[in-house]
Every structure is written in C-alpha cells, then in structure tokens.
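Remember, the numbering used here sits 202 above the position in the sequence shown when you count from 1.
Even for Gly, the Cβ is constructed at its ideal location relative to N, Cα and C.
Quantities reported herein were computed from a predicted structural model and do not represent experimental measurements.
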Amino acid sequence: MYILRSANLNDLEDLYELSQLMLFINLPPDKEIIKSKIESSIRSFTKPSRKLWENYYLFVLEDSKAQRIIGASMIHAQHGTEDEPHYFFTVSQENKFSKTLNTGFIHGTLKLGLDTNGPTEIGGLILDPEFRKSDKRLGKQLSFVRFLYMGMHPDRFKETIHSELMPPFDNEGHAPLWEAIGRRFLNLEYHEADVLSRSNKEFILNLFPADTIYMTLLPIEARNAIGKVGESTAPVKKMLEGIGFKYTNEVDPFDGGPHYRAKLKEIAPVKDLFEVEILIREKIIKSDLDSILASIPSNDGSFKASVISGNLNKGTPPKFIIDPDEARELNLIEDFKTFATYL
203 MYILRSANLN DLEDLYELSQ LMLFINLPPD KEIIKSKIES SIRSFTKPSR
253 KLWENYYLFV LEDSKAQRII GASMIHAQHG TEDEPHYFFT VSQENKFSKT
303 LNTGFIHGTL KLGLDTNGPT EIGGLILDPE FRKSDKRLGK QLSFVRFLYM
353 GMHPDRFKET IHSELMPPFD NEGHAPLWEA IGRRFLNLEY HEADVLSRSN
403 KEFILNLFPA DTIYMTLLPI EARNAIGKVG ESTAPVKKML EGIGFKYTNE
453 VDPFDGGPHY RAKLKEIAPV KDLFEVEILI REKIIKSDLD SILASIPSND
503 GSFKASVISG NLNKGTPPKF IIDPDEAREL NLIEDFKTFA TYL
C-alpha cells in the first residue's frame with residue numbers, strides 16, 4: 203500500500219537518503235535545508251500565511267509496508283514577488299528584410315523578462331529509481347496529489363499554475379544554453395548559479411543581457427536545447443499537456459527548459475474533482491474495479507491521500523464501494539465523505 207501525505211519531521215532521514223540518489227536542486231543533500239523545507243511545509247498545511255509566497259507544500263509518497271519514503275513532490279503557492287521576481291526568457295521571432303537584396307530572414311530571439319506577481323508553481327517531483335517502473339503509476343500519483351489538494355483548497359493558490367521542465371543536457375552534464383550565455387556573463391558553473399538563484403536573484407537582473415539575443419549567434423547545441431525537454435522529462439511533458447498545460451513561449455534563462463502553464467480550474471484532475479461517500483462491503487465486483495485518488499482521514503491537521511480500488515456508483519452523491527481490508531489499511535469508515543479525482 204502506498205500513502206501520499208504531507209511531510210513531517212520523521213521523514214527527514216528518508217528524504218535525505220532520497221536526495222542523495224540524484225542531483226536535485228529542490229531537494230539538495232543537506233539535512234538542514236531539508237528540515238527547513240519540512241518545517242515550512244508543516245506551517246503551510248496547518249496554518250497557511252496570507253502572503254502566498256511564504257507557503258510551500260511538500261508531499262511524500264510512503265511505502266507503508268516497508269515504512270519508507272520513496273518519492274516527493276512540491277507546490278510553491280506563489281513563484282515571483284517584488285523581492286524575488288520570477289525570471290524567464292521570452293522566445294519570439296523577428297522578421298528582417300532588405301529591399302536592396304530582396305532577401306529576408308526570420309530570426310529566433312530571446313528577451314529577458316520578469317514577473318513580480320507570479321503564479322503558483324508545481325515542481326520538485328522525485329521518485330526513487332527502484333520504483334519508476336512500477337505498474338502503480340507512482341510518478342503520476344505524486345503529480346496528481348498536488349492537483350487534488352489544490353482543487354480542494356483553491357483559495358490557497360493562484361489562478362494560474364506554472365511548471366518548469368528540465369532541458370536536455372550534454373554527455374558531461376552541461377546545459378548548452380548556459381555555456382553559450384550564462385557562463386559568459388556570470389563566470390559561474392550552471393549548478394552554482396542555480397543554487398544561488400534560490401536565495402538571491404539580484405545578479406540575474408544586473409548581469410544578464412537586457413537586450414534582445416538573436417539565436418542565430420548561438421552555437422547550434424544551444425539553439426537546439428531551447429524549449430526542449432530531456433529524455434527523462436519527456437513523460438512529464440506528455441502528462442502535463444494531456445491534462446491541459448500549454449507551452450508559454452518562455453524558457454528558463456539559465457538552461458532553456460520550457461515553461462508550461464494552465465488555469466487551475468481547467469486542469470483535468472481539478473475539473474474532475476468530486477465528492478464521494480465511502481461504503482464498505484464484503485463482496486464487490488472485482489471485474490468492474492475503478493481507481494480513484496482520494497483524500498483519507500488525518501487526525502493531526504496534516505493531509506493524506508491514497509489510490510483506492512473499488513466500485514464507483516455515480517449516484518447523488520457518488521458512492522465508492524471498497525472491501526474491509528482496504529478500509530482498515532486506510533482507516534476509512536462507512537459513510538465517510540471525501541474528495542477524489544481520477545488517476
């Protein structure tokens with residue numbers, strides 16, 4: 203059984219071990235930083251600030267049998283403020299034509315932009331490589347639990363949801379766009395600049411080129427990376443597009459990774475959100491099982507959810523029939539009402 207829930211301080215060691223499996227800016231292998239993220243998340247779940255940018259939600263995926271954390275995902279209620287703007291390159295085109303030569307060109311361009319009243323950002327999805335090929339669609343569970351929660355609490359988030367995807371990197375782990383632009387203006391390694399930008403973005407505004415950049419002047423490797431995703435990120439892109447996200451013609455100014463957005467109310471798992479009543483029966487029709495992602499009871503103000511299998515009766519209100527074993531595992535009782543969405 204897998205449980206999706208808000209993180210707590212007991213998860214620190216497992217999250218630290220998870221952070222060491224791969225280089226991941228949102229979950230760095232630093233116990234103090236991870237502890238700070240957990241504490242911030244606990245505050246956000248239990249008593250969110252009216253200042254949305256202070257609210258940070260960390261979800262974990264727990265293998266309840268092994269009693270270990272195998273994945274995580276995150277929401278930042280507002281990404282981009284007056285003090286910490288959201289920076290991006292706008293990807294556009296510029297037409298050039300010479301009457302004398304009777305020749306014209308269409309140039310791809312990049313232009314630095316910023317947003318001081320930014321959207322809600324989803325990100326930080328990480329899953330233990332050992333579980334990536336599971337038939338339980340664990341990565342999708344980690345992603346969709348955020349939409350379930352936002353659909354249940356829309357007042358805690360902005361109307362627009364933002365996601366930044368990772369671009370392709372070369373064989374040595376370098377970001378081609380960073381090597382072509384960022385390094386020339388900052389004299390820092392890509393990962394050094396990325397870490398620094400998490401706490402202070404002033405250098406982006408003051409050191410990055412403010413004028414239009416013509417992509418023609420960039421190496422072909424850099425041009426080919428702009429707005430593209432890496433092989434491991436392609437399934438995420440496909441999933442986001444499938445539930446309503448669209449490319450914004452904006453990319454990360456460091457690595458050229460594409461930015462995707464959608465209106466919260468138009469995201470499929472949010473549109474599909476429904477209230478359901480739980481019924482417990484000894485015999486259910488196994489050949490007609492449905493799976494839903496539903497919130498489950500929690501006694502401490504935290505958030506829990508799980509994928510539940512059973513028979514969905516689409517009456518008014520809808521009823522979801524499950525067997526006693528699953529009810530005991532998830533602490534569900536007869537007539538319990540919950541919110542759910544389709545996975």
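Under the Cβ criterion (8 Å, minimum of three pairs), the region 451-471 does not count as touching the region 504-520. The alpha-carbon separation between TYR351 and SER208 amounts to approximately 10 Å. By the criterion of at least three beta-carbon pairs nearer than 8 Å, the region 239-250 is not in contact with the region 308-319. Taking all protein chains shown into account, LYS440 has fewer than 16 neighbouring C-beta atoms within 10 Å of its C-beta and is therefore exposed. Rounded to whole angstroms, the Cβ separation of ASP525 and ARG483 is 7 Å, and the two are in contact under 8 Å. PHE538 and ALA507 have their C-alpha atoms spaced approximately 14 Å apart. Residue environment: SER434 is assigned as exposed (fewer than 16 neighbouring CB atoms within 10 Å of its CB, all protein chains considered). Boundaries of the alpha helix (DSSP H) around MET354: 340-354. Beta bridge pairing from DSSP links VAL472 with no other residue.
Annotation for SER246: the continuous alpha helix (DSSP H) segment containing it runs 233-248.
Distances from the alpha-carbon of PHE290 to those of ALA412, SER242, ARG339 put ALA412 closest. For ILE422, the enclosing alpha helix (DSSP H) has its first and last residue at 422-427. In its chain, beyond the 5 residues on either side, GLU296, TYR416, THR418 have a beta carbon closer than 6 Å to the beta carbon of HIS309. Distance from the CA atom of GLN222 to the CA atom of ASP232, rounded to whole angstroms, is 9 Å. Residue burial annotation: LEU303 is exposed, with fewer than 16 other C-beta atoms found within 10 angstroms of its C-beta. Note that the region 226-241 touches the region 257-277; at least 3 beta-carbon pairs, one per stretch, sit closer than 8 Å. Counting the other Cβ atoms within 10 Å of the Cβ of GLU234 gives fewer than 16, which makes it exposed. With 16 or more other Cβ atoms from the protein chains shown falling within 10 Å of its own Cβ, GLU452 counts as buried. With respect to PHE387, LEU407 sits apart: the two C-beta atoms are not nearer than 8 Å. Unbroken beta strand (DSSP E) stretches of 3 residues or longer found wholly inside the region 503-533: 506-515, 521-524, given in chain order.
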